[in-house]
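Q: Before we start, here is the structure in question, set down as structure tokens.
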DNA sequence: GCGGATCAC
DNA sequence: TATGGTGATCCGC
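What follows is the structure, given as structure tokens:
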């Protein structure tokens, strides 16, 4: 975005500034100062509830959660820097005295209900944002009782305290966006009132840091700061021209111009939306990374007879039954083990990576993670290619250490809710990903039965599969092209897996390295030093030890390899009669452009694999093989 | 409709 | 030793 900013001419900027100014005027015209909204936020809710049921915790630093993750911490613990969403073992280091209390949602739900009974007295249609937060439209109650927003807030907070013994904070403002910001100002056990006055709102919002705004998270904050120099809401307006030039004009979304400008103006929603029904239901578990297929299947569902608590499909099914839901889209979520640090280190050392290169590595990381897919897949993550500015630090953390999340979904013809159905389709989704090493799996069902209400679709219209199978279609031969119901594509998948077994050698080969690069390898200082010295032995040059082997030379080698691949092997695939693959005989019409490309890639991958093993037997220093793998991925990625 | 990404709590 | 779980939404195919 910075680059795009730089490209703008003075003319462009003044043009966009005009457009932005017009938008600002339009938005200003929509400003609604007629409502009074109140945002209530319970203070350290879970921690406070736990203290209530165990008063001996009072005054001591305490956190709700475990060694893996903390949900919330009381104010004593916060003084040490302990925060929600912090891993427990880190919190321990910050505060060795810290007391841990496991989460108990039953308790929190109970107290949440008590608070909501109080909220109801002020707004029957209040919006519950979570167990411990709610928005109330107190316009009417203020009028009826002739009280100010501040007075109502005082009374409500007192009521909550009497009812529960807990304290809360409140913000009163003309809209929800502002009310939320306000409730944070005098936290804990305090309140802040922003009057329904345009000047007051503008003065208030001008100095608010953008991160305080709901919807602006870590990433958006970083983009706005880094690319536009926007730190406060006021600057949203000042840099309106730039924002206008680079953000979409769509009317919704937290990443659109209208949203950013309204934040700058302190404009937010004032309506009471109708209660929205849920759109999906899911269950997921984190576990210690494994690539054991039986174990992975077992995480989805235990073998018959053995019921484990951590059975994802069963948990989901139970929840669905509770809510009486049936859905027809099933999504499998996967979190792969973190990208091996040692593997990354080898890349760094081998290629003297610049920042640019590191971005590439991140792009290739998913390919490296999963060599089988890498050969067929042409879609690595695009995150690194969006022109975001990356600090070296950011790259190191996200490129090397960040785990990768994927999802795979099917939409079925029938609505499902039984554990068997969920499991059947989930297993197929998982099967297509094997082999893989995972540390999390999750299942989500969406596209519920009720979704249809109000949808313009014609229930009598047949699906494509039905259309073909039922014989309405005159082109029965379509079936001969291998078009199947995706749900029933097991055979095809099996074929892929079979074809790809040879490719797994890339991965298998790694285990023959002097020290293995297995995913989720433990990284210790000792380990790392050992690895570096082994890199040396294997002929890898290290920074500062480079003679003729400069980064340029490295690039040259890669480019040479690329050139060879492109000229010789790219065109060797011939479609006989423009129809049949000369290598394996598979039939594919010429208009299946992408499918054909993928098919060629597959044969290419096969070929590369063979080449690599022959090189491996001839010479093969670690360095050479890294070159080879790098070039291979580069080529496939570019394809 | 799918998959990645972001966000809230 | 060790960095969660649930749900929503948006964007670009």
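Residue numbers (UniProt numbering): 1 to 639. For every residue, glycine included, the Cβ atom is placed at its ideal position computed from N, Cα and C. None of these values were measured; they are calculated from a predicted model.
1. Enumerate in chain order the residues of its own chain whose CB-to-CB distance from residue 311 is below 7 Å, with the five nearest sequence positions on each side excluded.
2. Which word fits residue 29, buried or exposed, when buried means at least 16 other C-beta atoms lie within 10 angstroms of its C-beta?
3. Just to confirm my understanding: we take residue 133, look at its own chain, exclude 5 residues before and 5 after, and list those with CB closer than 8 Å. What are they?
4. So, with DSSP's three-state summary, where would you put residue 329?
5. Please report the straight-line C-alpha distance between residue 90 and residue 102, rounded to a whole angstrom.
6. In chain order, what residues of the same chain lie with their CB nearer than 7 Å to the CB of residue 142, ignoring the 5 residues before and after it?
7. Pick out whichever of 213, 165, 161, 68 has its Cα sitting closest to the Cα of residue 185.
8. Out of 328, 80, 600, 87, which has the shortest C-alpha to C-alpha gap to residue 60?
9. Can you check which of these residues, 244, 215, 217, is closest to residue 671 by C-alpha distance?
10. Identify the continuous beta strand (DSSP E) that holds residue 413 and give its terminal residues.
11. Bridge partners for residue 440 per DSSP, in chain order?
12. At the level of alpha carbons, what is the spacing between residue 124 and residue 273?
13. Return the bridge partner residues of residue 191 from the DSSP annotation.
14. Restricting to Cα atoms, I'd like to know which of 335, 319, 430, 439 is closest to residue 418.
15. Determine, using beta carbons only, whether residue 241 and residue 16 come nearer to each other than 8 Å.
16. Using the rule of at least 16 other Cβ atoms within 10 Å of the residue's Cβ for burial, across every protein chain shown, is residue 278 buried or exposed?
17. Quick one: is residue 110 buried, meaning 16 or more other Cβ sit within 10 Å of its Cβ, or exposed?
18. Within this structure, are the beta carbons of residue 422 and residue 316 separated by less than 8 Å?
19. Look up residue 153 in the DSSP assignment and say whether it is helix, strand or coil.
20. Restricting to Cα atoms, I'd like to know which of 336, 411, 260 is closest to residue 23.
21. With DSSP as the reference, label residue 58 as helix, strand or coil.
22. Assuming contact is defined by CB atoms lying nearer than 8 Å, are residue 281 and residue 325 in contact in what I supplied?
23. Can you say whether residue 140 is buried or exposed, counting buried as having 16 or more other CB atoms within 10 angstroms of its CB?
24. Going by C-alpha to C-alpha distance, which of 322, 209, 434 sits closest to residue 294?
25. List the endpoints of the continuous alpha helix (DSSP H) containing residue 90.
26. Are the beta-carbon atoms of residue 99 and residue 84 separated by less than 8 Å?
27. Identify the residues that DSSP records as bridge partners of residue 140: which are they?
28. Give the DSSP-derived three-state secondary structure of residue 208 in the structure shown.
29. Taking residue 405 and residue 335 to be in contact with their CB atoms under 8 Å, please state how far apart those CB atoms are, rounded to whole angstroms.
30. Do three or more CB pairs link the segment 216-231 to the segment 185-205 at distances below 8 Å?
31. Check each candidate in 222, 286, 190 and name the one with the smallest Cα separation from residue 157.
32. Measure the CB-CB distance between residue 33 and residue 174 and report whether it falls below 8 Å.
33. Using CA atoms only, rank isn't needed, just tell me which of 442, 330, 49 is closest to residue 283.
34. Work out the CA separation of residue 580 and residue 586 for me, nearest whole Å.
35. For residue 426, report the span of its alpha helix (DSSP H) as first-last.
A: Quick answer:
1. 301, 302
2. exposed
3. Answer for residue 133: 39, 40, 41, 42, listed in chain order.
4. strand
5. 17 Å
6. Apart from sequence neighbours up to five positions away, the residues of its chain that approach residue 142 with a beta-carbon distance below 7 Å are 36, 148, 149, 152, ordered along the chain.
7. 213
8. 80
9. This structure cannot speak to residue 671, because the chain is shown only from 1 to 639.
10. Unbroken beta strand (DSSP E) run through residue 413: 404-416.
11. 286, 335
12. Here the alpha carbon of residue 124 sits roughly 13 Å from the alpha carbon of residue 273.
13. 170
14. Ranked by Cα distance from residue 418, the first of 335, 319, 430, 439 is 319.
15. Yes; because the gap between Cβ atoms is below 8 Å, this pair is in contact.
16. exposed
17. Exposed: under 16 other Cβ atoms inside 10 Å.
18. yes
19. helix
20. 260
21. coil
22. yes
23. exposed
24. 434
25. 88-94
26. Not in contact: residue 99 and residue 84 (Cβ atoms no closer than 8 Å).
27. DSSP output for residue 140 lists no bridge partner at all.
28. In the displayed model, residue 208 falls within coil according to three-state DSSP, outside both helix and strand.
29. 5 Å
30. Two segments are said to touch when three or more pairs of C-beta atoms, one from each, lie closer than 8 Å; by this definition the segment 216-231 does not touch the segment 185-205.
31. The shortest C-alpha separation from residue 157 is found at 190.
32. yes
33. 442
34. 6 Å
35. 419-431
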